[in-house]
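Remarks on the structure that follows.
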Amino acid sequence: MITVMTHMDADGVISLSLFLKKIGGARIRVYFTSPVQLRDTICHSVIQRRDLGELYIFDLAGEHRAIFAAAMYDSVTWIDHHQWIPEIELPHVKIIIDPKAKSAAEVAGRYFKIDSKLIDIANQIDTNNVREDMAEKIRMIIGALRWKYHGKELNIKLEKLARELMMENFSLLEDYNEMIEGYENWLLQLKEKIRKETKFFNVKGMKIAIFETLESVPVYVLSNVLSESGKVDLIVVLIHKISRGKPVTKMEFRTHTDVDVLKIAKFYGGGGHKKASGASVSDIVTIPEVLNAVDLLY
Ligand SMILES: [Mn+2]
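In terms of our numbering, the sequence shown has 70 at position 70, counting the first letter as 1, and numbering is strictly consecutive.
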């Protein structure tokens, strides 16, 4: 059995669709995860299994510990477009990275020699430059699924969507309309909250916007709302959560300008790329602390 680990976003879902197309829709094990959780996801996936077989990883930046974890599998094909250089080389772990590609789906399409309308859709969504209704619809469906479901259930729903997209029969997507409506109502309230609660700062001539929240939010929505009142150099989202009885701060970084947001993500032990990055810190991260970090790094 083939195992796939892919990013829990539109690019990750579409990369999976392309792979499914490549293997004729065969049954596989799928895990949707994030760069920060990748190593844990891999470790979890090997428990009580004898024949690990092939592992495919899409749209997830890694580091040496994740590579070593992946290396437990018989062979690994790792396709990504984030800005990172693998620290170790192993003969059975093939890592294909193209940071110039607009999406991992683009790299996957080239690697598997699959041409599909889905690649352009992934490009539009991943660069937050949605031009077509179908791209907007797919982005809304994934946002709505992540809003409505969690854990195993979300995993099943996202795989189902990837299989529907694989067929490129977009009329199937009409079934999501009702859920999208509920999600849109929630989004309206979120936008209101963003306009009211985002705090602005100026450090070293950089315009910084910080939004604190207790629940995960679609970061592109925040970025789009903030752009209504001019370009922001550094957008920071602080998501405060409790995990296993301890505080965790999930951080997201974006920019409307040329500021390299990968730098601050790395400072907090995270990753991503120059325009979009994130980190997860096992502690409470406060606004003054972030501003200090910006002052130090830029
Ligand atoms: Mn991507």
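Beta carbons are placed, not taken as given, at the ideal position from N, Cα and C, and that holds for glycine. Since we're looking at a predicted model, the values are computed, not measured.
Short note on alanine 104: C-beta closer than 7 Å to some heavy atom of ligand 1. With the rule of 3 Cβ pairs closer than 8 Å, the region 225-239 counts as touching the region 190-198.
In the three-state scheme derived from DSSP, where H, G and I count as helix and E and B as strand, isoleucine 2 is classed as coil. For phenylalanine 112, the enclosing alpha helix (DSSP H) has its first and last residue at 104-112. Here serine 75 is bridged, per DSSP, to Glu54. As the crow flies, the alpha-carbon of leucine 262 is around 23 Å from that of proline 247. Taking all protein chains in view, the Cβ of alanine 108 is crowded by 16 or more other Cβ atoms within 10 Å, so the residue is classified as buried. For aspartate 59, the distance from the CB to the nearest heavy atom of ligand 1 is below 7 Å. For leucine 172, same chain residues with a beta-carbon under 6 Å away, outside a window of 5 residues either side, are Glu164 in chain order. The three-state reading of DSSP puts serine 227 in helix, counting H, G and I together. Remark: C-beta atoms of aspartate 126 and aspartate 258 do not approach each other more closely than 8 Å. Counting only runs of at least 4 residues, the region 132-175 fully encloses the following alpha helix (DSSP H) elements, listed from N- to C-terminal order: 133-148 and 151-166. Just measuring C-alpha positions, the residue of His256, Ala293 and Ile57 sitting nearest serine 75 is Ile57. No Cβ-Cβ contact shorter than 8 Å links lysine 207 with aspartate 295. The beta carbons of threonine 249 and isoleucine 239 sit closer together than 8 Å. The three-state secondary structure of valine 232, taken from DSSP, is coil.
Separation of the CB atoms of valine 237 and phenylalanine 211 is rounded to 5 Å, and the pair is thereby assigned contact status at 8 Å. Beta-bridge partners assigned by DSSP to proline 218: none are found. Rounded to whole angstroms, alanine 162 and alanine 135 show a C-alpha spacing of 14 Å. For histidine 256, the shortest separation between its Cβ and any heavy atom of ligand 1 does not lie below 7 Å.
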